[in-house]
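Residue numbers (my numbering), protein chains in the order written: chain S, 1 to 531; chain H, 1 to 322.
Backbone N, C-alpha and C fix where the C-beta goes; we use that ideal spot for every residue, glycine too.
Just so you know, these numbers come straight off a predicted model, no measurement behind them.
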């Protein structure tokens, strides 16, 4: 088997050496490495985006996050809960195996195994029947209008390969030994790049897959991925010409990149919205000088806070004008976005003070705030700005900024949402508004799993009802009307205080053209190296 | 002698056990590893199940006991962050750290000792003052800053040397070496200098102080009175007596070079154990942190033991007492 692999690799190399006279190499860096190469191992954007160059789903996103066919050519909603997917013919895995209906069924079953982190997606399907080698029928437990969208990151693995390497179950972080994690260290997908070498934290090498089914813009034949954890070193490696592309670039280094020769900063709005949440369920705040009552339960107080925060100042002073102030928890790139609700609460100190006085806190109050300091772009600085802004209306904030591991351990439901006021960022993994309704806007409910990231337990019965309906509604107009109603309720309740869409921050060498996707994913399919 | 070594070994084991226990007691304060191991869509119940199956709900003494039980059987568990056996990761990273540390130690000795002697012999010369001023800078500038400055100057402005990584490596059995390739040698220069600077300043100051002390002693005065050449006195008599405490300190410093390579490694993305550890801390990768801390404790314990034995051999007074 080893010999075969070696032969195959030699043939590939030969083909590269002879067929493509000038091999185009592309070297890039991110702040960390992926935890696992198992496509079902970790449901996280960078990991799935990285693996998207090797593995593919039935559907795919183009460089503008628009849904397009992937390994399925077409799909059809044949009944309320049944879908027919026609699979692409002639697709090969990197090891030469054919892609067919059995692989779809196998991959689905694999996502349901105990080590999988994609169980949530797996559970959107209740059964798959093979109609013929290239047609499958999917059953969903309930009508699901966005099923094709939810299949993008649902990567297909080869049944034969997985069997051969004894990796028919998803590898999990609790695996006991190295043999149990074969798929976490090796990859065999249908995507445009083959992983040929991997040293975690040091270097991963990819070569172009000659048998790729689709004509794609890239002219890159060889890719090196070399993670660098320190921002300053990452930027230095780009400017010195050792790398072609790095991200994220610290915001304060944009000027330096743009003034340096041969490189530039590439920025744009990310699909991630940064917002503030407030404890709206405890009868007394955990961190406040107000005892016996919870001021944040009073809508007027929440509104006063919203009107005291100057989003433009935060954008200009801290995000160097690259953030997009937001009035909604969903960004324009998200399916279900509605521009008419995206107007932020106006910055109005007089109104804010008046509302506080009306609520019985003319002198303001004290409150503790939790904030991560290594999770979002300039997260701690944003929190410091919020502290300064709220002080102007008499709300004295005691800021507790910590690394993400400690921050999430404190504010997460596992620890009883130990917070009064916090900063969080959110990109819906499905790129659909339902994910936001479900995780952030719905009431916290451990039975239904809703509101898991609703750390402040904002709750509105009508929004809960809408969330359930939106999930099932297949009529797009009706669905959007319900979403609009939920947005309007949330806005009126001041359930959250949206701040902005944070900027994407990439650094690119001149002569490289690529597309900067709003979910912060680098798709190698669009990377073109100038000769 | 044998009894002494056995006693020392026993003490060493106790030291390591205590280090492990303190480490486990502190892990609770580093944060929650689970959030870094699952995606945002993972349900609370699944997160709870993972926490439970990793044994993270147990009291720290239980977690510690389980770790020690597995460790004595050679099983250090799986890294949460890289999903590979910790022993494999550390074996992969150890050569990188050791090569870097030894080159730094060599640099520190090769530059530090002569500079120290020179400043002791000619304390008022222009160069001595220069060395002492530089060593003050070396002590006070943080390693991180030195590393970044070197990167900016030699990597970005002059473009002579790589800014990160270890270059191409060659496998010699399980040992990976970067010292046999041009890119590997180029890559090691900046991190080795960064790591060596503090040690150089330390050695310069140590050698200088010790040498000045020795030069003031009676036997040196007698040697001068006897009419021996200054060269013989300085390098044969004074230097030898100076080096006894210096060697002790340097031995211990090798341990701390390995341990303090953390910052240098993370600035230069040098794929050693220090980088592995610092990333383990930020992602709360408990198995890696535990194994690394024990390994560093072991390094110190072994070096201490060797130094103790050397003392025993060198200093006749110790033998008489025992």
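The segment 259-268 of chain S and the segment 506-526 of chain S touch, with no fewer than 3 CB-CB distances between them shorter than 8 angstroms.
Rounded to the nearest angstrom, the gap between the Cα atoms of residue 36 of chain S and residue 51 of chain S is 9 angstroms. Residue-level contact by beta carbon holds for residue 271 of chain H and chain S, with a gap shorter than 8 angstroms. The beta carbons of residue 225 of chain H and residue 104 of chain H sit no closer together than 8 angstroms. Non-local beta-carbon contacts of residue 193 of chain S in its own chain, meaning distances under 8 angstroms to residues more than five positions away in sequence, involve 53, 54, 206, 207, 208, 209, 223 and 524 in chain order. Leaving aside the five residues that flank residue 453 of chain S on each side, the residues in its chain whose CB is nearer than 8 angstroms to its CB run, in chain order, 424, 426, 439 and 440. Here residue 160 of chain H is exposed, its C-beta having fewer than 16 other C-beta atoms within 10 Å. It is roughly 23 angstroms from the alpha-carbon of residue 213 of chain H to the alpha-carbon of residue 310 of chain H. The three-state reading of DSSP puts residue 286 of chain H in helix, counting H, G and I together. Burial check for residue 131 of chain S: the Cβ neighbour count within 10 Å stays below 16, so the residue is exposed. Taking a beta-carbon distance threshold of 8 angstroms, residue 279 of chain H counts as an interface residue toward chain S.
Interface criterion met: the Cβ of residue 43 of chain S is under 8 angstroms from a Cβ in chain H. Classified as buried, residue 163 of chain H has 16 or more neighbouring CB atoms from the shown chains inside 10 Å of its CB. Only residues of its own chain outside the window of five on either side were considered, and among them 194 and 197 have a CB closer than 7 angstroms to the CB of residue 146 of chain H, listed in chain order. Remark: C-beta atoms of residue 42 of chain S and residue 117 of chain S approach each other more closely than 8 angstroms. Secondary structure at residue 261 of chain S: coil, using DSSP grouped into helix, strand and coil. Comparing alpha carbon positions, the residue from S/317, S/128 and S/70 closest to residue 251 of chain S is S/317. Within 7 angstroms of the CB of residue 30 of chain H, the CB atoms of chain S belong to 405, in sequence order along the chain. Boundaries cannot be given for residue 159 of chain H, as no beta strand (DSSP E) includes it and DSSP labels it neither H nor E.
Contact between the segment 14-29 of chain H and the segment 98-114 of chain S is not established, with fewer than three Cβ pairs separated by less than 8 angstroms.
The Cβ atoms of residue 471 of chain S and residue 142 of chain S sit closer than 8 angstroms to each other.
Listed along chain H, no residue sits closer than 7 angstroms to residue 416 of chain S by beta-carbon distance, the nearest being about 12 angstroms off. Counting only the Cα atoms, residue 404 of chain S lies some 23 angstroms from residue 63 of chain H. Scanning H/201, H/92, H/21 and H/36 for the CA closest to the CA of residue 60 of chain H turns up H/21. Taking residue 434 of chain S as reference, the option from S/443, S/466, S/407 and S/497 with the minimal CA-CA separation is S/466. Cα atoms of residue 389 of chain S and residue 173 of chain S: separation of roughly 43 angstroms, rounded to the nearest angstrom.
Annotation: the continuous alpha helix (DSSP H) that includes residue 148 of chain S extends over 147-150. In this structure, the alpha-carbon of residue 406 of chain S lies about 15 angstroms from that of residue 376 of chain S. Under the DSSP definition of a beta bridge, residue 208 of chain S partners with S/193.
By the rule that beta-carbons nearer than 8 angstroms mark a contact, residue 70 of chain H does not touch chain S. Nearest C-alpha to residue 398 of chain S among S/321, S/257, S/419 and S/369: S/369. Residues of the segment 42-72 of chain H whose Cβ lies closer than 9 angstroms to any Cβ of chain S, in chain order: 42, 43, 44, 45, 46, 47, 48, 49, 50, 51, 53 and 54.
Contact note: residue 267 of chain H reaches chain S through 230, 232 and 233, using a C-beta cutoff of 9 angstroms and chain order. According to the DSSP assignment, residue 45 of chain H belongs to the alpha helix (DSSP H) that extends over 44-53.
Looking at the DSSP output, residue 232 of chain S shares a beta bridge with no other residue. The beta-carbon separation of residue 19 of chain H and residue 293 of chain H, rounded to 6 angstroms, stays under the 8 angstroms limit for a contact.
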